[in-house]
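Student: Position one of the sequence shown corresponds to residue -15 (our numbering), numbered consecutively onward.
The beta-carbon is built from N, C-alpha and C at its ideal position, and this holds for glycine as well.
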Amino acid sequence: KTLVDLYTAVYMALWTRLNQQIQVARDQVPPHLPRLAQTEAAVAVWLNFLNEDRRRARILLWDAFILHDMERPTDTDRDFSKRLYVLITTLFPDFPALGVSPESLAAGVMGALIYMTKQWVQSGYAMSHDEAHKHIMLVLKATRALYQELQAEAQRDRP
-15 KTLVDLYTAV YMALWTRLNQ QIQVARDQVP PHLPRLAQTE AAVAVWLNFL
35 NEDRRRARIL LWDAFILHDM ERPTDTDRDF SKRLYVLITT LFPDFPALGV
85 SPESLAAGVM GALIYMTKQW VQSGYAMSHD EAHKHIMLVL KATRALYQEL
135 QAEAQRDRP
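Written out as structure tokens, the structure is:
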């Protein structure tokens, strides 16, 4: 096996473990709460997962992108993008009718979440877990505010 194959196996094992933990956290959110509450739980798990063993951050946030550019994309980056797309189309089903591309929005949200997490890690986890969580959730809450604003504008423009 090659070094790339070894790295991919480690990456996939971490990704699988992370997703299992995220699913457990999402399942614990009471069903009557908004779907965004499940996302908040997932973000908390993501931050905890990186903070528990800081080598994971290097593997999931830096090495993965180097490998992606040099060798081959993994299914995980496509999976993450797909999950964000599903989340956005579930939380905000009218975005296409409001002139917003869910695909482009998912890509932008993914970039923001990864960049903010990388910044947190690079700072040596200077910000508390709760502060990092709050900042990351601002991206999704701002998306929700934009959605509500666009819906209100569309309502006003109707005859």
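Look at the alpha carbon of valine -12 and the alpha carbon of leucine 44, and state the distance between them as a whole number of angstroms.
Tutor: For valine -12 and leucine 44, the distance between alpha carbons rounds to 14 Å.
Student: Within a Cβ cutoff of 7 Å, which residues of the same chain sit near phenylalanine 33, ignoring the five residues on either side of it in sequence?
Tutor: The residues are Leu2, Gln5 and Arg40.
Student: Between the C-alpha atoms of threonine 73 and phenylalanine 79, what's the straight-line distance to the nearest angstrom?
Tutor: Rounded to the nearest angstrom, the two C-alpha atoms are 8 Å apart.
Student: Can you check whether the CB of leucine -2 is closer than 9 Å to the CB of leucine 75?
Tutor: Not a contact, by the Cβ cut-off of 9 Å.
Student: What is the DSSP secondary structure of arginine 142, reduced to helix, strand or coil?
Tutor: The answer is coil: DSSP assigns arginine 142 none of H, G, I, E or B.
Student: Just to confirm, are methionine 121 and glutamate 24 a CB contact at a threshold of 9 Å?
Tutor: Yes, the Cβ-Cβ distance between methionine 121 and glutamate 24 is below 9 Å.
Student: Please name the residue in Trp30, Tyr131, Leu82 and Ser85 whose C-alpha comes closest to that of valine 105.
Tutor: Taking only the C-alpha atoms, the option nearest valine 105 is Trp30.
Student: Could you check how far apart the C-beta atoms of methionine 94 and serine 65 are, in whole angstroms? I think they sit under 8 Å.
Tutor: Yes, they are in contact, since the Cβ atoms of methionine 94 and serine 65 sit about 6 Å apart, within 8 Å.
Student: Looking only at C-alpha atoms, which of Ala28, Gln12 and Pro18 sits nearest to aspartate 114?
Tutor: Aspartate 114 has its Cα closest to that of Ala28, out of Ala28, Gln12 and Pro18.
Student: Do you know how far the Cα of tyrosine -9 is from the Cα of aspartate 47?
Tutor: Their backbone Cα atoms lie some 9 Å apart in a straight line.
Student: Does the Cβ of alanine 129 have 16 or more other Cβ atoms within 10 Å, making it buried, or fewer, making it exposed?
Tutor: Classification of alanine 129: exposed, given that the 10 Å Cβ count is below 16.
Student: So, using beta-carbon positions, are alanine 26 and arginine 38 closer together than 9 Å?
Tutor: Taking 9 Å as the Cβ cut-off, alanine 26 and arginine 38 do not qualify as a contacting pair.
Student: Assuming valine 8 and glutamine 22 are in contact, meaning their beta carbons sit under 8 Å apart, how far apart are those beta carbons, in whole angstroms?
Tutor: With 8 Å as the limit, valine 8 and glutamine 22 do not qualify as a contact, their Cβ atoms being about 12 Å apart.
Student: Mark threonine 127 as exposed unless 16 or more other C-beta atoms lie within 10 angstroms of its C-beta, in which case mark it buried.
Tutor: With 16 or more other Cβ atoms within 10 Å, it is buried.
Student: Compute the beta-carbon to beta-carbon distance between tyrosine 69 and alanine 90, rounded to the nearest angstrom, for a pair I have assumed lies under 8 Å.
Tutor: The Cβ separation is near 4 Å, so the contact holds.
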